[in-house]
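Below is one structure, written out as structure tokens; the observations come after it.
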Amino acid sequence: MAAHWRYHGGFMQHLPIYLILPALSLLAVEIQAADRDPVTGVESRALAAPGQKASNLYYHFSNFTAGDRFVILAVDGQIHSYEVASGQLSRLTGGEGVAAGSASPHPRDKDLVYYWRADVLTELNLATRKERRVGAGPKSHWGGYGQPTFSPDLRRVTLSYQKDDHNWEIGLMDLATGQYRAVVSQGFRIGHVQHHPKEDKIFYVWETGGYAPQRTWLVNSDGTANRPFYARPDPKMWFTPLKEWVTHEAWIPDTGGMTLIMDKIGILIADSEGTSRLLPGQYWHTAARADGKVLVVDDMPGNLWLMEAATGNRKLLITNLRGEKGVHAHASFSRDGRYVIFNDGRKGEGVSLIDLHAVEGEGWWK
0 MAAHWRYHGG FMQHLPIYLI LPALSLLAVE IQAADRDPVT GVESRALAAP GQKASNLYYH
60 FSNFTAGDRF VILAVDGQIH SYEVASGQLS RLTGGEGVAA GSASPHPRDK DLVYYWRADV
120 LTELNLATRK ERRVGAGPKS HWGGYGQPTF SPDLRRVTLS YQKDDHNWEI GLMDLATGQY
180 RAVVSQGFRI GHVQHHPKED KIFYVWETGG YAPQRTWLVN SDGTANRPFY ARPDPKMWFT
240 PLKEWVTHEA WIPDTGGMTL IMDKIGILIA DSEGTSRLLP GQYWHTAARA DGKVLVVDDM
300 PGNLWLMEAA TGNRKLLITN LRGEKGVHAH ASFSRDGRYV IFNDGRKGEG VSLIDLHAVE
360 GEGWWK
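Numbering follows numbering that gives the first Met the number 0, in which position 4 of the sequence shown is assigned residue number 3; successive positions increment by one, without gaps.
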């Protein structure tokens, strides 16, 4: 099949042009159509075309750009933007080595997105479509560098990587100079690295895929005071016969607290040092609105809920979202709290958006 170079917004893309042009015109029509849940009546809008494999970004920060004009998502292995007002989906990257799931919108600059291309942290300007090489990460023994999260002063981002067969490291990269500085090394697999939104400290987990001797950790960004985050050291205080498995953690931007899932037990809402309270229930993932007052929560059967953090009051939004059994909802809010996006398995591997202003009900979530 013949293929041609297509230039669009500052990127050269090696695409079959006679295929892509009809596809884009079809896309503009199909992504505008809303799906109505047969149980709740709540409408959601797919962000990619049928047949495309789309995924949102991990939900420990908003997937929306500053100002909420665009959603940033991964579609067929490349980074895309979805303009909420127009419904236009645009491809932002091309070529090899793009870690599309690592994309991270800047919290304040509406035009900037950061992502990893192989071992290089790259800054992408949405307005100009120009890219800037920030810096290269240390040589990784295996795998990538995780999803960048920003320091409170927005001058640095976190990264983590596997140093050798037995050790992993967390570090910081300066966004202006690309200079890398190690923070802490551990003799176990590190995951879910997140810089605190207000304080100069970093959260991470001992990644096991199950119960760990100590799952959650904090370390100051200068490498001092490496310490457990949430833990109940006395077995008499455990909610389960096994040591508790807490997972799926996300900082709350405005409060500086954190949401966590305790497997088969409920949702933990913790302060910045791990003291927590429990909202009981069997849930899978949760993320808070920026002010911490409303949560979006999913469960293993594939239901998506809104929950009032103070009371545990719930509102069912979507049912059967796990039509594709591998789909994890990883739902999150827009920065202003009006929209929820989630991975949607009802018609394949997609991403969908809900406008909460259009959801009927008593309105504690609005």
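Beta carbons: idealized from backbone N, C-alpha and C, even for Gly.
Based on Cα-Cα distance, which residue from the options lies nearest to residue i?
{"i": "Arg128", "options": "Pro151, Arg155, His79 and Leu153", "result": "His79"}
{"i": "Asp262", "options": "Gly209, Gly347, Asn319 and Ala357", "result": "Gly209"}
{"i": "Leu303", "options": "Ile268, Ala328 and Gly360", "result": "Ala328"}
{"i": "Glu42", "options": "Ala53, Met172, Arg337 and Ala33", "result": "Ala33"}
{"i": "Tyr58", "options": "Ile353, Ile251, Leu277 and Glu359", "result": "Ile251"}
{"i": "Ala230", "options": "Thr223, Ala211, Ala224 and Ser220", "result": "Ala211"}
{"i": "Met257", "options": "Gly76, Thr39 and Thr274", "result": "Thr274"}
{"i": "Pro196", "options": "Gly177, Leu88 and Thr157", "result": "Thr157"}
{"i": "Ser351", "options": "Asp199, Leu320, Ile264 and Val133", "result": "Leu320"}
{"i": "Gly190", "options": "Ala175, Trp216, Arg44 and Lys365", "result": "Trp216"}
{"i": "Gly86", "options": "Gly94, Asn55, Ala65 and Arg44", "result": "Arg44"}
{"i": "Ile340", "options": "Gln146, Thr246, Ala286 and Arg313", "result": "Ala286"}
My output table needs one value for residue i: the three-state DSSP class, helix, strand or coil.
{"i": "Lys235", "result": "helix"}
{"i": "Ala357", "result": "helix"}
{"i": "Gly190", "result": "strand"}
{"i": "His284", "result": "strand"}
{"i": "Phe149", "result": "strand"}
{"i": "Tyr113", "result": "strand"}
{"i": "Tyr58", "result": "coil"}
{"i": "Pro196", "result": "coil"}
{"i": "Gly349", "result": "strand"}
{"i": "Trp216", "result": "strand"}
{"i": "Glu206", "result": "coil"}
Spatial neighbours of residue i within its chain, please: C-beta separation below 6 Å, excluding the five flanking residues on both sides.
{"i": "Leu125", "result": "Asp110"}
{"i": "His165", "result": "Gly186"}
With a CB to CB cut of under 7 Å and the five nearest residues on each side skipped, what residues in its chain are close to residue i?
{"i": "Asp253", "result": "Ala289, Asp290 and Gly291"}
{"i": "Arg180", "result": "Gly170 and Leu171"}
{"i": "Gly96", "result": "Arg116 and Ala117"}
{"i": "Ala47", "result": "Ile30, Ala53, Val74, Leu88, Gly349 and Val350"}
{"i": "Ala269", "result": "Tyr229, Gly256, Met257, Leu259 and Ser275"}
Just how far apart, CA to CA, sit residue i and residue j?
{"i": "Gly143", "j": "Arg155", "result": "18 Å"}
{"i": "Ala308", "j": "Asp343", "result": "24 Å"}
{"i": "Trp141", "j": "Lys200", "result": "26 Å"}
{"i": "Leu91", "j": "Lys324", "result": "29 Å"}
{"i": "Arg337", "j": "Ser220", "result": "33 Å"}
{"i": "Thr148", "j": "His194", "result": "6 Å"}
Closer than 9 Å, CB to CB, is residue i near chain E or not?
{"i": "Tyr114", "result": "Annotation note: the requested chain E is absent from the structure, which comprises a single protein chain."}
Which same chain residues, not among the five before or five after residue i, have their C-beta less than 8 Å away from its C-beta?
{"i": "Glu206", "result": "Phe187, Arg188, Ile189, Gly190 and His191"}
{"i": "Pro227", "result": "Gln213, Thr215, Trp216, Leu217 and Gly273"}
Using 8 Å as the Cβ pair cut-off and three pairs as the minimum, do the region 69 to 84 and the region 104 to 120 touch?
-> Yes, the region 69 to 84 touches the region 104 to 120.
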